[in-house]
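K.L.:
This is the structure I want to talk about, given as structure tokens.
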Amino acid sequence: MNAPIAGAGAWAPDVAVTLDVLAAEIELSAARCIFLDRIIAEVMEGLPEAERGRLLEGLHAVDLLSQHLTSLSAFARGVSAATPEGVSVPVGPALSEITLGALAERMTAGLGGDYDDEAEAPDNGDVDLF
Numbered sequence: 011m012n013a014p015i016a017g018a019g020a021w022a023p024d025v026a027v028t029l030d031v032l033a034a035e036i037e038l039s040a041a042r043c044i045f046l047d048r049i050i051a052e053v054m055e056g057l058p059e060a061e062r063g064r065l066l067e068g069l070h071a072v073d074l075l076s077q078h079l080t081s082l083s084a085f086a087r088g089v090s091a092a093t094p095e096g097v098s099v100p101v102g103p104a105l106s107e108i109t110l111g112a113l114a115e116r117m118t119a120g121l122g123g124d125y126d127d128e129a130e131a132p133d134n135g136d137v138d139l140f
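For any residue, its number in this note's numbering is found by taking its place in the sequence shown, counting from 1, and adding 10.
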């Protein structure tokens, strides 16, 4: 369960700022993909040649995901730059749907809001175990 965003009902930051915050989070995700790509490559080095094919496919998928995220970030930043000043968007309801506490905290802070940690303090780095 997520902690509520203080004053979320009427909270509507500029669209440009909102897109910049979104772009920064997408860039963070892309950086994590690059980290994962490096780890997979290191694991591949220790495998016999016959078993590398499966990981090579995963390596390509992670690389494609990183490129995809980087392109989405560039798109969000481009739209942000083209957005006229004074255009705002209510973000509270959308932020309250984010299930990763650390992500919700970062985005809320980036958008100039207050995260209500007294309601429920999220863990930094929520993990879904499969």
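We put the beta carbon where it would ideally sit given N, CA and C, even for glycine. Predicted, not measured: the structure shown is a model, and the values here were computed from it.
#1: Distance, Cα to Cα, Glu55 vs Leu75?
#2: Near Arg62, which residues of its chain fall below 7 Å by C-beta distance, leaving aside the five closest residues on each side in sequence?
#3: Opposite Ser98 in the DSSP bridges: which residues?
#4: Please classify Pro58: does DSSP put it in a helix, a strand, or coil?
#5: Residues in its own chain within less than 7 Å of Asp73 by CB, not counting five upstream and five downstream?
#6: Rounded to whole angstroms, what's the CA-CA distance from Pro94 to Val25? Just pull it up for me.
#7: Apart from the five residues on each side of it in sequence, which residues of its chain come closer than 6 Å, Cβ to Cβ, to Leu79?
P.N.:
Reading off the structure:
#1: Mapped onto the sequence shown, residue 55 falls at position 45. Mapped onto the sequence shown, residue 75 falls at position 65. Distance between the alpha carbons of Glu55 and Leu75: 22 Å.
#2: As a position in the sequence shown, residue 62 is number 52, starting the count at 1. Excluding positions up to five away in sequence, the list reads Met54.
#3: Counting from 1 along the sequence shown, the entry for residue 98 is found at position 88. Answer is Asp24.
#4: Looking up residue 58 in the sequence shown gives position 48. In the structure shown, Pro58 sits in coil (DSSP, three-state: anything other than H, G, I, E or B).
#5: Here the question's residue 73 lines up with position 63 in the sequence shown. Excluding residues within five positions, the ones whose Cβ falls inside 7 Å are Asp47.
#6: Taking the first residue of the sequence shown as 1, we reach residue 94 at position 84. Taking the first residue of the sequence shown as 1, we reach residue 25 at position 15. Each residue's Cα considered, the two are about 9 Å apart.
#7: For this step, residue 79 is matched to residue 69 along the sequence shown. So the qualifying residues of the chain are Ile36, Ser39 and Ala40.
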